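The structure appears below as structure tokens.
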Amino acid sequence: MNRLSTGTGRLCRLALVVPLWASRLLGMDGPREAAGNLPAGPAYLEEAPSSAPITGYIDQAPPGPTPRLFELQTRERFFASDRIAISKDGEELYFTEVTSTWSDTNIRYYEYADDRWNGPLDLFAGFLGPALSVDGRTMYFERYGDHKTCWQSKRTGTGWSAPTTCTDLPDPKDKHYRQDTDSGRIYASSEDALKGLGRMDISTYERSGVNGAYRSLGSPLNSPGNEGDFYVARDEAFIVFASPHRGGFGGADLFVSFREGDASWSEPANLGATINTPGFEFGPYVTDDRKFLFYSSSSDFTRVDIHWVRFDSLLETLRKR
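The opening position of the sequence shown corresponds to residue 0 in numbering that gives the first Met the number 0, with each subsequent residue numbered one higher.
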């Protein structure tokens, strides 16, 4: 596997009174060398007891039904936040680090090479929220301070290309957290979706010749509030999203909705008090085998931690309700 190259990007030093993640959740407007190596482990996604590490998750012991801190090394003054992304072969893990003052963001990554995990390594400065396309050849993300524009990078023979705005859509603006699915359908949250219900709706892109537009997935998935932060399964069977406007346990809770037919979605179900806290939960990511949910958690956005939890049993329980 080719080692990823360090990407380029200008650090965006825009100090915000309200952190970007908080503004998205609440509906408001708003190089260093590699840090050491981690030892090798067994094959990716190999079944293992909860005390044994598995390679696909940088050799950390997998959790059970109780969430556990997912430890990602960051530089001084930074912490890991927002969603992560894992390559299909399990040999690359991407994440965002931010400063405690929310003035800098960087996309960094670990890679499995030479029988060990290496990293974290620098990739793109001034960007956040990585997501990989189905084929793993494109990465989507956002520039810090501008969550309304889709950015992308293409995998090359030596790493990743310099970031550009998304080129396959007529207008990359006013779209957040773009994600691709096995069917080719594109999902994003949009402030101006057709038949939108709230501040930001989970939507799909509908093409019409060379043009197209995002259309809200409607109620009950969306509400008059804000459903801007989400993860959609590759087969579109379910969506996990954060919302501050549906009640629950804290400032923003995680919910799941299941697809029912081609166009409808089930009434969202709260993931419960084991995952949701009196603070804010956001940045969901579910592994392709649905075994684990990763998410960010914070009491006041001055510090954020990424957690993970065994998810397949809970997902099935909520699906049957």
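Beta carbons: idealized from backbone N, C-alpha and C, even for Gly.
Note that the structure is a prediction, hence the values are computed from the model and not measured.
task: Pull up the distance between the alpha-carbon of R107 and that of W264, whole angstroms please.
output: Straight through space, the alpha carbons of W264 and R107 are spaced by roughly 34 angstroms.
- prompt: By how many angstroms is the C-alpha of E70 removed from the C-alpha of P61?
  reply: 12 angstroms
- prompt: Quick one: Cα of R115 to Cα of T157, how far?
  reply: 20 angstroms
- request: With distances taken Cα to Cα, identify the nearest neighbour of S189 among V308, R318, T180 and Y176.
  value: Y176
- prompt: Mind pulling the alpha helix (DSSP H) runs of 4 or more residues that sit fully within the stretch 124-197?
  reply: If one requires a minimum length of 4 residues, no alpha helix (DSSP H) run lies completely within the stretch 124-197.
task: Report the option in F77, R214 and I83 whose CA atom is closest to the CA atom of I305.
output: It is I83.
query: Taking the beta strand (DSSP E) that E280 falls in, what are its first and last residues?
result: F279 to V285
- prompt: Would you call the stretch 264-280 and the stretch 227-235 touching, i.e. three or more CB-CB distances under 8 angstroms?
  reply: no
- request: Might you give, ordered along the chain, the residues of its own chain that have their beta carbon closer than 8 angstroms to the beta carbon of G195, omitting 5 neighbours on each side?
  value: S189, S202, S215 and N221
message: Measuring only the C-alpha atoms, how far is T166 from S297?
response: 34 angstroms
field: Any chain B beta carbon closer than 8 angstroms to T100
entry: Absent from the structure is chain B; it holds one protein chain and no more.
query: In three-state DSSP terms, what is D234?
result: coil
- prompt: For T104 versus Y143, is the C-beta spacing smaller than 8 angstroms?
  reply: yes
query: Among the residues of its own chain, which have a CB less than 6 angstroms from the CB of Q178, if the five just before and after it don't count?
result: A130, Y186 and V231
message: Quick check: what's the CA-CA separation for D191 versus G211?
response: Each residue's Cα considered, the two are about 13 angstroms apart.
- prompt: Can you list, in chain order, the residues of its chain whose CB lies under 6 angstroms from that of G282, leaving out five sequence neighbours each side?
  reply: D81, R82, Y294 and S295
Own chain partners of T180 with C-beta closer than 6 angstroms, once the 5 adjacent residues on each side are dropped: R233 and E235
task: Within the same chain, show all residues whose beta-carbon is closer than 8 angstroms to that of T163, passing over the 5 residues directly before and after it, in chain order.
output: W150, Q151 and S152
- request: With a 10 Å radius around its C-beta and 16 neighbouring C-beta atoms as the bar for buried, classify P267 as buried or exposed.
  value: Flag for P267 reads buried.
message: Run through the DSSP bridge pairs and tell me what H306 is partnered with.
response: L68 and Y294
task: Would you decide whether P64 is buried or exposed? Buried here means 16 or more other CB atoms lie within 10 Å of its CB.
output: exposed
field: Straight-line gap, D287 to K87 (C-alpha atoms, nearest Å)
entry: About 8 angstroms.
field: Other residues of its chain near I85: CB distance less than 6 angstroms, five sequence neighbours each side excluded
entry: L92
task: Find the nearest neighbour of S132 within the set E75, G183 and V285, judged by alpha-carbon distance.
output: G183
Where S99 sits in the DSSP three-state scheme: coil
message: Starting from R82, trace the alpha helix (DSSP H) in both directions and tell me its first and last residue.
response: No alpha helix (DSSP H) holds R82; the beta strand (DSSP E) holding it covers F77 to I85.
field: Among A262, E259 and L314, the one whose alpha carbon lies nearest that of V285
entry: L314
query: Excluding the five sequence neighbours on either side, which residues of its own chain have a C-beta within less than 6 angstroms of the C-beta of R318, listed in chain order?
result: Only F257 meet the Cβ criterion.
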